[in-house]
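**Student:**
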Amino acid sequence: MIPLSVLDLVPVREGGSVGEALAEAAQAAQAAEAAGYKRFWVAEHHGMEGIAGGATSVVLAHIGQATRTIRIGAGGIMLPNHNPFVIAEQFGTLEALFPGRIDLGLGRAPGADGRIAQALRKDLMQAANDFPKDVVELQARLRGYPPLPVAATPGTGAEVELWILGSSLFGAQLAAMLGLPYAFASHFAPAQLDAALKLYRERFEPSEELDRPHVMAAMTVICADTDAEARYLSSSLDQSFVALRTGTPGRMKPPLADYRESLPAEALAMLRHMDQARAVGSPATVRDAITAFIERTQADEIIVAGATWDPAARRRSLQLIADAMR
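In the numbering used here, the protein residues as written are 3 to 328.
1) Comparing C-alpha positions only, which one of Cys225, Gly102, Tyr202, Arg123 sits nearest to Arg317?
2) What are the start and end residues of the alpha helix (DSSP H) that includes Glu161?
3) Check the C-beta distance from Leu6 over to Ile323 and give it rounded, since I have them as a contact under 8 Å.
4) Which residues does DSSP pair with Ser7 in a beta bridge?
5) So the candidates are Phe87, Gly181, Val282; which of them puts its Cα closest to the Cα of Pro151?
6) Give me whichever residues DSSP pairs with Pro13 in a beta bridge.
7) Does the ligand FAD have even one heavy atom less than 6 Å from the beta-carbon of Glu268?
8) Report the residue from Pro134, Lys135, Glu161, Asp132 whose alpha carbon sits nearest the alpha carbon of Gly146.
9) Using the C-alpha atoms, what's the distance from Arg247 back to Ala33?
10) For Asp240, collect the residues of the same chain with a Cβ closer than 7 Å to its Cβ; drop the 5 residues on either side in sequence, then sort them by chain order.
11) Whose C-beta lies closer than 6 Å to the C-beta of Thr158 among residues of the same chain, with five residues either side of it excluded?
12) Identify which residue in Lys135, Leu11, Arg73 has its Cα closest to the Cα of Met50.
13) Whole-angstrom Cβ separation of Ala315 and Leu258, contact assumed at under 8 Å?
14) Tell me whether Leu167 sits in a helix, a strand or coil according to DSSP, three-state version.
15) Taking the alpha carbon of Leu265 as the point to measure from, which residue in Met127, Phe243, Ala142, Leu195 has its own alpha carbon closest?
16) Provide the residue span of the alpha helix (DSSP H) that contains Arg317, from first to last.
17) Output the boundary residues of the alpha helix (DSSP H) element that contains Ala34.
18) Three-state secondary structure (DSSP) at Arg289?
19) In the DSSP assignment, what residue or residues form a beta bridge with Phe186?
20) What residue range is occupied by the uninterrupted beta strand (DSSP E) comprising Leu106?
21) On the DSSP letters alone, give me the boundaries of the beta strand (DSSP E) that Arg73 sits inside.
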């Protein structure tokens with residue numbers, strides 16, 4: 003079986019706090035480690051009261067202290083929001099704290115709306131255009147060559163595994179050109195999945211980091227003892243997605259029975275579009291859906307997203323998924 007990993011947004015529950023969300027993220031990482039997952043990644047988002055992973059490198063330090071062997075990383079850092087020198091320092095520090103365990107996935111999207119550009123004092127459109135150049139600069143700072151006037155300390159020489167993230171053809175082309183592993187965000191943007199993976203594999207150029215293409219594809223996966231229970235648990239995630247897409251994001255809400263049946267056609271169509279990279283159900287249902295997705299994508303790794311309002315249900319879901327796929 004190919005490796006499984008976990009993508010975490012550090013969700014803040016309705017009635018809960020940011021502190022609780024951070025504690026629950028560490029517990030989820032411990033559960034993933036115990037179940038045999040390869041990586042535990044945290045995604046950078048800003049200005050969203052229901053997501054507590056904005057200070058991604060700080061969250062990763064917290065998770066690193068709670069775990070011992072699982073790889074931890076950013077899935078991803080939205081590089082247009084940052085200076086490559088600072089990211090080299092941050093992830094060089096993480097690699098010094100947790101050697102041999104640090105991944106750095108790089109994305110081009112801002113991770114929020116235009117108000118964040120003002121808060122960050124960044125021209126995000128120009129920064130997005132500079133993304134390929136900034137990735138190359140970050141690579142150079144971590145490698146320590148070609149020599150740059152100022153070395154990142156920590157950072158220079160750090161054994162950080164770089165990934166390019168994407169949900170379109172742009173990231174696939176860049177990952178192929180640089181010879182880096184590629185992770186596709188099919189859990190929320192599946193439309194260009196097949197085309198992006200085909201393009202990445204066809205145009206891949208071997209590099210010092212990688213001699214052949216390496217793909218990670220993301221799925222939303224929630225597993226419980228029965229299909230009905232898993233569908234019920236997943237309604238919290240459905241509510242969050244509909245709220246985000248209709249401009250009313252907030253904290254994660256408790257599950258609702260038959261939530262999808264209550265939705266207007268447009269909202270239901272949005273969710274069904276996501277279902278092509280989704281596995282919700284009993285262990286047998288989840289195993290069949292993940293297996294079919296692997297056959298479709300020929301992915302080298304699968305990363306599973308999918309929070310539940312009850313953190314204990316999520317930890318159990320992670321264990322059931324791992325058991326089902328062994």
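Every residue, glycine too, gets a C-beta built ideally from N, C-alpha and C.
**Tutor:** Based on what the coordinates show:
1) Cys225
2) Here Glu161 belongs to no alpha helix (DSSP H), and DSSP marks it neither H nor E.
3) 7 Å
4) Ile305
5) Phe87
6) Ile53
7) Here there are no bound small molecules, and the ligand FAD is not part of this structure.
8) That would be Glu161, whose Cα lies nearest to the Cα of Gly146.
9) 30 Å
10) Within the same chain, Asp240 has close Cβ partners Tyr261, Arg262, Leu273.
11) Gly146
12) Leu11
13) Going by Cβ atoms, the distance from Ala315 to Leu258 rounds to 15 Å, so no, they are not a contact pair.
14) strand
15) Phe243
16) It spans 313-327 - the alpha helix (DSSP H) in which Arg317 sits, taken as one unbroken run.
17) 20-37
18) Three-state result, Arg289: helix.
19) Gly168, Ala219
20) 104-109
21) 73-80
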